[in-house]
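Residue numbers (the UniProt record's numbering): 1 to 326. Since the structure comes first, as structure tokens, the remarks are kept for the end.
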Amino acid sequence: MRILMTGYAGFIGSHLLNRLITDTDHTVYVYDTFTSDNYPAQIKRERINKLKEDWDKKGIDYENRLFDYTIPENVESLTEFHRIDKIVHLASIPGVRKSLEIPEYYVNNNIGGFIRVLELAKKYNAEVIYASSSSVYGNNVNVPFKESDTSGEIRSSYACSKKCMEIYAEYYQNVFGIKCIGLRFFTVYGPEGRPDMAPYMFLKHIHEGTELTQYGNGESYRDYTYIDDIIDGIYSIIERDNSKNPTDKIYNLGNRTPYSLKEFIELCEDVVGHKAKKRIIENQLGDVPRTFADISRARLHFGYNPKTVLKDGLTKTYESFKIRWQ
């Protein structure tokens, strides 16, 4: 199979790339801008360098299967001479709070970038598997969140961009027959995670004995999902039997076990072995009070079955982060 992956140097993308190179014989064409507005771009390069070092140690021949492109002016030049079977689109600008400040940036990159991917898929009749987000549920009060739920109030430009991506995917599927599968990720964490996310920041502050910022009273809750479980879900969709294509277009990939912010901080304290120093301030604009995934659809169609409990996942995450902090 020939797969084009965008955002391959990101947190989720780098883990998926490792799975594809390690566990399959697929040819993978990868694309990333190697820029980041939320954390140093060097972290992206370090992720890929670590993967290549690990593959070399294991004797994995990846040079004839992994094709890394310099940033083109037009994404179509990536596949000018290649036939692509599937596109895994993970590239996007993340960050709920920042999206409130520069909404047009999220429109241009997240929506505009996705339209270019869809046009590429139309040209090659390739299937598209793309990253959406639990943020599209807004302040939905129906728990657990089902894909069929009518979204609550959208709370950020980031969420708007992801919802628009889903609408464009449906349009390209209805009009042009392009198979599109959207994956709503729920608070993904784990080794190599983004340093602007709570798991990294909280563990680091507790580890160093510095003050962390808690937004709100600690009663908001999130469905934290370990990276390996997310990768299992994406991988099962890529590798599925295409003769049994599901009719559904959207799938939740979460852990189905939410924790409150207060509980999350307490688990971080247990993992590190220190109490947190906290500064408590008001909730931020754009934040939602809850996320909680109903994963029955993904389980039915793809056998999705997250296995990692939060404390175990945080322990693995902390051990990996400590190496970076040395």
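Where a beta carbon is used, it is the ideal one built from N, C-alpha and C, also for glycine.
Boundaries cannot be given for Arg194, as no alpha helix (DSSP H) includes it and DSSP labels it neither H nor E.
Burial state of Phe145 is buried, judged by a 10 Å Cβ sphere holding 16 or more other Cβ atoms.
Phe11 and Gly193 have their C-alpha atoms spaced approximately 6 Å apart. Per the DSSP secondary-structure output, His89 pairs in a beta bridge with Thr6, Tyr130.
Residue environment for Ser161: buried (at least 16 other C-beta atoms within 10 angstroms of its C-beta). Per the DSSP secondary-structure output, Gly182 pairs in a beta bridge with Tyr130, Ile250. About 25 Å separates the beta carbon of Ala293 from that of Asn242, a gap too long to meet the 8 Å contact definition. Ranked by how close their Cα comes to the Cα of Ser133, the residues Ile250, His301, Cys268, Glu263 have Ile250 in first place. Beyond the five residues adjoining it in sequence on each side, Arg240 comes within less than 7 Å, by CB distance, of Phe302 in the same chain, given in chain order.
Sequence-distant Cβ neighbours of Gln173 in its own chain, meaning closer than 7 Å and more than five residues away, are Lys179, Cys180, Lys249.
Look at Ala293 here: in three-state DSSP terms it is strand. Contact check for Tyr130 against Arg83 fails: the beta carbons are separated by 8 Å or more.
The beta carbon of Phe264 sits closer than 6 Å to no other beta carbon from its chain once the five residues preceding and following it are set aside.
Closest by C-alpha distance to Asp68, out of Glu153, Leu17, Ser296, Thr317, is Leu17.
It is roughly 32 Å from the alpha-carbon of Ala121 to the alpha-carbon of Asp54. Phe34 has its alpha-carbon roughly 21 Å from the corresponding atom of Ile231. Burial of Lys204 is indicated by the presence of at least 16 other C-beta atoms within 10 angstroms of its C-beta.
Beta-carbon to beta-carbon, Phe186 and Thr291 are separated by about 6 Å, close enough to satisfy the 8 Å threshold. Rounded to the nearest angstrom, the Cβ distance from Tyr189 to Gly313 is 7 Å, consistent with a contact under 8 Å. Within the model, the alpha-carbon separation for Tyr158 versus Gly216 is close to 21 Å. Linking Val96 to Gly286 through their CA atoms gives a straight-line distance of about 6 Å.
If you draw a straight line from the Cα of His89 to the Cα of Ala298, it comes to about 18 Å. For Leu203, the uninterrupted alpha helix (DSSP H) segment begins and ends at 198-208. In this model, Tyr29 and Lys311 are separated by some 35 Å (Cα to Cα). The shortest C-alpha to C-alpha distance from Phe114 to any of Pro94, Met165, Val143, Lys86 is the one to Met165. Looking at the DSSP output, Glu211 bridges to Lys277.
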